[in-house]
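Have a look at the structure below before the remarks.
Number of protein chains: 2
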Amino acid sequence: MTKDLYSIPDIIMSRLPVYYQHLKKLKESNKTYVSSEELAKLTGFSSSLIRKDLSYFGTFGRKSYGYDIFCLFQQIRIIMGFNYNKKIILIGAGHLGQALAYNKGYIERGYKLTAVFDKNPKLIGLVINDLEIKSISDLENYLSENKVDAAILTVPEAAAQKTADRLVAAGIKAIWSFAEVPIKVPADVLVEEQLINEGLCKLSVKMNQPRINKSEVEEDFDCEQK
Amino acid sequence: MTKDLYSIPDIIMSRLPVYYQHLKKLKESNKTYVSSEELAKLTGFSSSLIRKDLSYFGTFGRKSYGYDIFCLFQQIRIIMGFNYNKKIILIGAGHLGQALAYNKGYIERGYKLTAVFDKNPKLIGLVINDLEIKSISDLENYLSENKVDAAILTVPEAAAQKTADRLVAAGIKAIWSFAEVPIKVPADVLVEEQLINEGLCKLSVKMNQPRINKSEVEEDFDCEQK
DNA sequence: TAAATATTGTTAAAAAAATAACATATCCTA
DNA sequence: TAGGATATGTTATTTTTTTAACAATATTTA
């Protein structure tokens, strides 16, 4: 493969996890091959789009057969970097943080959760999913002694930026942030913002559409402008 | 507003929660107006795009001033349906379910979490965030006696489709699903799929890009095809 | 082995989305 | 009150993304 992959288009990247999930399921069936048409039925994307997406990365299919499920699954894992081992830590062991500590998704994606930190003395020392919650004051010390590839940020809104600054200062280059508003980091640090309530918003918008269509919306919110 | 809004383009819809978050923050500052240029700095979208997005819904700005923060915030709330009261229930009180039971995001978006269900007898009766966990066997009964607008689905993968079927049969028209693979529902039911590990995938892909560029990828995964 | 069938990978066309440009309107200052 | 500055809303242009079409090729069937 000679193509420069430095920047996979976001739109393609956003579909990779969907392909991954379906191939994972298919792998457990007794089928060996899957066609773009079948994948289209499963994913909701058009077969044409699927073939195009895959061809961006290489030539994986077999004419008149389709794609070898296991092989394609492996390819996508490699493209997504799942075959590469990464260590990740979690900062903030509140309700969401704890749920993420029990998340089963790390291993198959090449992550190992190696430490959990919190500020709350009542939480420090507790064990969640075999990891003892450490004091956030040990963060820098821990990071100087352990190579860590990424951090999950689930601290309260008010502490998010400060904590991110500490992570960056200690050398962390990738952050999965659950802060509600973007945190600022240097250009060489990756941040994946996760608006936890985005799905709730989308659902609300969609539920609301019939209502919005019926009424002359302006009246509702004449904001006494000007 | 005469424009038919029946289907807000997904791409615009996906930016609404971002505008919402920033306006919420701005509202707490001492500023009254914000320009598309300032919003661009905050959100990372271009000012042109922001003006275009907003103009899709109406004319909210004020020449040479910008947008009235509070007014725009209200408008976006109305577009997203946050001003409309909705009742939502949660099915599956595992780690993720519990975290979502404590989620602070419902109220401001017009949702009220009114019940939590689980199958596990050890959980039934426990109280999380002031709600006593009910037995899943009471689901149909509850739904026949209480008007509910949406359901959060956080049951284990294996139970997801069956549970969704029950919800649909009981009249639920909107589901926020955390199942890893799409659940099948009739056309008149809204489903918002939430791949909880999508952010983790994206982070992994991005971390992986420099590595993928360096190597001739094919070699890595010669799947002995054919 | 030849014809019919299936399905890819790619090219061409269409549609959608983003950006740039600008006319217009309002505000501010002198 | 005239002129410069500001920032919207919209139109034009460019770019990106998706869909459609199809040639190429492998498989299956007769």
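Sequences listed follow chains A and B, in order.
Using the UniProt record's numbering, read the first sequence as starting at 1 and increasing by one per residue.
Using the UniProt record's numbering, read the second sequence as starting at 1 and increasing by one per residue.
Cβ atoms here follow ideal geometry from the backbone N, Cα and C, with glycine treated the same way.
Note that the structure is predicted; figures quoted are calculated from it, not measured.
In the three-state DSSP reduction, residue 152 of chain A falls in the strand class (E or B).
The Cβ atoms of residue 137 of chain A and residue 153 of chain A lie no closer than 9 Å to each other. DSSP places residue 111 of chain A in the uninterrupted beta strand (DSSP E) bounded by 111–118. Short of 6 Å from the beta carbon of residue 113 of chain A, and not among the five residues preceding or following it, lie these beta carbons of its own chain, in chain order: 88, 106. Sequence-distant partners of residue 20 of chain B (beyond 5 residues in either direction) whose C-beta falls short of 6 Å from its own C-beta, in its chain, are 76. At a C-beta separation below 8 Å, residue 26 of chain B has no neighbours in chain A, since its nearest C-beta there lies roughly 10 Å away. The beta carbon of residue 167 of chain B sits closer than 6 Å to those of 151, all from its chain and outside the five residues before and after it, given in chain order.
Neighbours of residue 205 of chain A in chain B, taken as residues at a C-beta separation under 8 Å, are given in chain order as 8, 13, 16, 79, 80, 81. With respect to the 9 Å criterion, residue 27 of chain A and residue 108 of chain A are not classified as neighbours on the basis of their beta carbons.
Under the Cβ criterion of 9 Å, residue 109 of chain A is counted among the residues facing chain B. With a threshold of 9 Å between beta carbons, residue 181 of chain A makes contact with chain B. For residue 191 of chain A, the uninterrupted beta strand (DSSP E) run begins and ends at 190–193, by DSSP.
The secondary-structure analysis by DSSP pairs residue 87 of chain B across a beta bridge with B:112. Not a single C-beta of chain B is nearer than 9 Å to the C-beta of residue 30 of chain A. Residue pairing by DSSP places residue 131 of chain B opposite B:128 in a beta bridge. The segment 205–214 of chain A makes contact with the segment 79–87 of chain B, as at least three CB pairs between them are under 8 Å.
According to the DSSP assignment, residue 144 of chain A belongs to the alpha helix (DSSP H) that extends over 139–145. With respect to chain A, the C-beta atom of residue 167 of chain B has no partner C-beta closer than 9 Å.
In this structure, DSSP gives residue 35 of chain B a state outside helix and strand, which the three-state scheme calls coil. Taking CB atoms only, residue 161 of chain A has no neighbour in chain B less than 9 Å away. Relative to the Cα of residue 169 of chain A, the nearest Cα in the group A:158, A:157, A:181, A:188 belongs to A:188. Going by DSSP, residue 169 of chain A is part of the alpha helix (DSSP H) stretching over 157–169. Against chain A, the CB of residue 114 of chain B has no partner CB under 9 Å away; the residue lies outside that interface. Taking CB atoms only, residue 86 of chain B has a neighbour in chain A less than 9 Å away. In chain order, 199, 202, 203 make up the part of chain A whose C-beta sits under 7 Å from the C-beta of residue 192 of chain B.
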